[in-house]
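Peer 1: Here's a structure for you.
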Amino acid sequence: MNIISIIPARMGSSRFPGKPMVDILGMPMIGHVYKRVKMSKLLIEVYIATCDEEIYDYIESIGGKAVMTSNCHERCSDRCAEAMLKIEKDENIKVDIMVMVQGDEPLTFPEMIDEATEPMLEDSSIKITNLVADIDTVKEFEDPNEVKVVMDKNNNALYFSREPVPSRKKGVLDVPMKKQVCVIPFTRDFLLEYNQIEPTPLEIIESVDMMRILENGMNVKMIPTKYKTKAVDTKEDLNRVIEMMKIDKLVQEYA
């Protein structure tokens with residue numbers, strides 16, 4: 034089975050311009066993400082999908098594979114779909130599963146690829162999964178940069194939001210605080226199907242790709258992860274991630 038990972042990255046982030054190339058312990062952030070994902074034994078290859086020559090040239094310089102994509106994409110999943118079709122054409126392969134990993138997640142562990150993908154290998158009816166993790170503090174729960182998720186009894190997503198859901202404002206303070214972790218496998222055909230669906234109102238309001246799937250009556254299976262990660266959305270996040278990576282043993286294996 035051909036399972037690949039595509040890491041979308043661009044320099045034009047509205048919240049933190051240039052963040053893929055920001056230095057973390059002597060290496061650009063996108064380098065950390067690439068090298069850590071590359072350690073997954075489940076993947077046949079890892080690619081960076083970008084519209085920026087600076088990112089493309091850096092990945093090529095470290096022996097990685099990068100794909101130039103349009104600079105018009107507003108959603109990471111759309112960029113990955115374009116890149117996947119180019120990869121299939123250029124390398125004459127047929128992808129079975131494409132694992133999207135965000136380029137601002139430098140604490141991604143290769144085992145997270147397995148966690149997210151194995152349920153799809155065991156059950157062919159699952160077309161997409163997301164990892165989900167506990168939120169430890171109310172401050173993080175209320176942070177709009179963290180995508181929160183509520184789930185049904187079968188661990189299918191009910192709703193994604195940048196607001197703190199479920200509500201703590203009705204007297205119940207001990208609510209399940211869960212966040213989306215952006216290791217997201219799609220089956221090949223479902224990624225292309227998704228890419229053909231028009232963006233939906235709640236997807237746009239929440240700025241969360243997965244809402245397009247829910248609004249069209251389909252399931253997103255949520256898979257718990259035991260790994261602690263932190264996305265870099267702000268310079269404050271960057272400082273926190275640097276401190277976390279100073280004691281991260283995986284860094285020593287590739288840096």
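Residue numbers (my numbering): 34 to 288. We treat Cβ as the ideally placed atom computed from N, Cα and C, and that holds for glycine.
Could you tell me which residues DSSP pairs with phenylalanine 30 in its beta bridges?
Peer 2: Beyond the ends of the chain as shown, which are 34 and 288, falls residue 30; an answer cannot be given.
Peer 1: For the structure I just gave you, are there three or more beta carbon pairs, one from the segment 145 to 163 and one from the segment 263 to 272, closer than 8 Å?
Peer 2: The segment 145 to 163 is not in contact with the segment 263 to 272.
Peer 1: Given a threshold of 16 other Cβ atoms within 10 Å of its Cβ, counted over all protein chains shown, does glycine 136 qualify as buried or as exposed?
Peer 2: It is buried - the Cβ of glycine 136 has at least 16 other Cβ atoms within 10 Å.
Peer 1: Hey, isoleucine 39 and cysteine 113 are a contact pair by Cβ (cut 8 Å); roughly how many whole angstroms apart?
Peer 2: Going by Cβ atoms, the distance from isoleucine 39 to cysteine 113 rounds to 4 Å, so yes, they are a contact pair.
Peer 1: Do methionine 210 and methionine 255 have their C-beta atoms within less than 7 Å of each other?
Peer 2: No, they are not a contact pair.
Peer 1: Do you know how far the Cα of methionine 34 is from the Cα of glutamate 78?
Peer 2: When rounded, the distance between both Cα atoms is 12 Å.
Peer 1: Can you check whether the CB of isoleucine 126 is closer than 7 Å to the CB of alanine 99?
Peer 2: No. Outside cutoff.
Peer 1: So the candidates are Lys172, Leu191, Ser110, Met278; which of them puts its Cα closest to the Cα of threonine 220?
Peer 2: Checking every option, the nearest Cα to that of threonine 220 belongs to Ser110.
Peer 1: When you compare only the Cα positions, how much space is there between glutamate 87 and glutamate 93?
Peer 2: Whole-angstrom Cα-Cα distance: 10 Å.
Peer 1: Beta-carbon separation of serine 200 and glutamate 239 under 7 Å?
Peer 2: Cβ distance not < 7 Å, so serine 200 and glutamate 239 don't count as in contact.
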